[in-house]
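S.K.: Just so you know, we're using the working numbering here: the sequence shown kicks off at 2 and counts up by one.
The beta carbon of each residue, even a glycine, is placed where N, CA and C say it ideally should be.
Please read these numbers as outputs of a predicted model, since none were measured by experiment.
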Amino acid sequence: MSICRLDEILVNDKFENISKIGSLIESEVTKVVKNYLVLSGGAVVRYRKDGEKYVFNIELSAERVKPFGKII
Numbered sequence: 002m003s004i005c006r007l008d009e010i011l012v013n014d015k016f017e018n019i020s021k022i023g024s025l026i027e028s029e030v031t032k033v034v035k036n037y038l039v040l041s042g043g044a045v046v047r048y049r050k051d052g053e054k055y056v057f058n059i060e061l062s063a064e065r066v067k068p069f070g071k072i073i
């Protein structure tokens, strides 16, 4: 089995349960974004397959941007 074929199998296995991947992305993105924004709700992750690629859209609603230092 070639390396390319093995890589393809591993990627396809990850996306077999795409909703689980979406939940993981939502959780991780929310953790990072909370450092910069006061969120008014959770993240919404939408995904679709576009040919051989996957397209993810992440939507967040924020009340305000947190202050984080001075830009000179």
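(1) I need the straight-line Cα distance from Phe69 to Tyr37, nearest angstrom please.
(2) Taking only runs of the alpha helix (DSSP H) that begin and end inside the segment 17 to 70, which ones reach a length of at least 4 residues, in chain order?
(3) Return yes when the Cβ of Lys67 is within less than 9 Å of the Cβ of Val39, no when it is not.
(4) Apart from the five residues on each side of it in sequence, which residues of its chain come closer than 6 Å, Cβ to Cβ, to Val45?
(5) Near Glu27, what residues of its chain come up, given a Cβ to Cβ distance below 8 Å and the 5 sequence neighbours on each side ignored?
M.R.: Considering the structure as presented:
(1) Your numbering for residue 69 matches position 68 in the sequence shown. Your numbering for residue 37 matches position 36 in the sequence shown. Approximately 8 Å between the Cα atoms of the pair.
(2) Fully enclosed alpha helix (DSSP H) runs of 4 or longer: 19 to 34.
(3) As a working note, residue 39 is residue 38 in the sequence shown. As a working note, residue 67 is residue 66 in the sequence shown. Contact check for Val39 against Lys67 passes: the beta carbons are separated by less than 9 Å.
(4) As a position in the sequence shown, residue 45 is number 44, starting the count at 1. Once the five neighbours on either side are set aside, the close Cβ partners of Val45 are Glu60.
(5) Residue 27 sits at position 26 when you count from the first residue of the sequence shown. Exclusion of the five residues before and after Glu27 leaves Gly43, Ala44, Val45, Val46 and Ile59 as the residues of its chain whose Cβ lies within less than 8 Å of its Cβ.
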